[in-house]
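Under this note's numbering, residues 2 to 104 are what the sequence shown spells out, in order.
Think of the CB as a built atom: it goes at the ideal place given N, C-alpha and C, for glycine as much as any other residue.
Quantities reported herein were computed from a predicted structural model and do not represent experimental measurements.
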Amino acid sequence: MDLTSDRATREIKSLISDAQDMFNSATSASADKASALRSEGMRMLENALSAARDMQSSAMETGKELASTADDYVRENPWTTVAISAGVALLLGAVIAPMLTKK
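What follows is the structure, given as structure tokens:
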């Protein structure tokens, strides 16, 4: 999952950089060439936006799957979940209590 998101992030950054370069080239080009470069740049930006939407959709789907898995675990192991929660709360209390008493 991390490798896929890293690759997608690199691709999006590359597409945006390429589009920016094209827009910069379009400012110094002739009218016809500038129009073609602008069109190509817009296509590249649309591709980058599409890739970002796909990445967001994938992240949402993964989040839903993780939430479902956690929900299933809690339903199947309620007392284990309560014990783990109590342990975490106890540890947090032990860490935070000294900070509060230093005032």
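Next item on the list: Verify whether the separation of the beta carbon atoms of phenylalanine 24 and arginine 44 is less than 8 angstroms.
Entry: Here residue 24 refers to the residue found at position 23 of the sequence shown. Here residue 44 refers to the residue found at position 43 of the sequence shown. No, the pair does not count as a contact, with Cβ atoms beyond the cut-off.
Next item on the list: Please state if the CB of alanine 27 and the CB of alanine 20 are separated by a distance shorter than 8 angstroms.
Entry: As a working note, residue 20 is residue 19 in the sequence shown. As a working note, residue 27 is residue 26 in the sequence shown. Result no, Cβ atoms of alanine 20 and alanine 27 do not sit closer than 8 angstroms.
Next item on the list: Run the CB neighbour count on serine 29, radius 10 Å, all protein chains shown included, and call it buried at 16 or more, exposed below.
Entry: The count along the sequence shown starts at 1 and reaches residue 29 at position 28. Exposed: under 16 other Cβ atoms inside 10 Å.
Check: Below 8 angstroms between beta carbons: does that hold for alanine 68 and isoleucine 13?
Finding: Translated into the one-based positions of the sequence shown, residue 68 becomes position 67. Translated into the one-based positions of the sequence shown, residue 13 becomes position 12. Taking the C-beta atoms as reference points, isoleucine 13 is found no nearer than 8 angstroms to alanine 68.
Notebook entry, point to check: Does DSSP put lysine 14 in a helix, a strand or coil?
Noted result: Here residue 14 refers to the residue found at position 13 of the sequence shown. In the three-state reduction of the DSSP assignment, lysine 14 falls in the helix class.
Margin query: Quick check on glutamate 25: does DSSP put it in helix, strand or coil?
Written below: Locating residue 25 in the sequence shown gives position 24, where the first residue counts as 1. It should be pointed out that residue 25 corresponds to asparagine in this sequence rather than to glutamate. If DSSP states are grouped into helix, strand and coil, asparagine 25 belongs with the helices.
Next item on the list: Grab the span of the alpha helix (DSSP H) containing serine 69 for me, first residue to last.
Entry: In the sequence shown, the residue the question calls residue 69 occupies position 68. For serine 69, the uninterrupted alpha helix (DSSP H) segment begins and ends at 32-77.
Check: Taking the Cβ atom as the reference point for each residue, do alanine 37 and alanine 9 lie within a distance shorter than 8 angstroms?
Finding: Translated into positions along the sequence shown, residue 37 becomes position 36. Translated into positions along the sequence shown, residue 9 becomes position 8. No; because the gap between Cβ atoms is not below 8 angstroms, this pair is not in contact.
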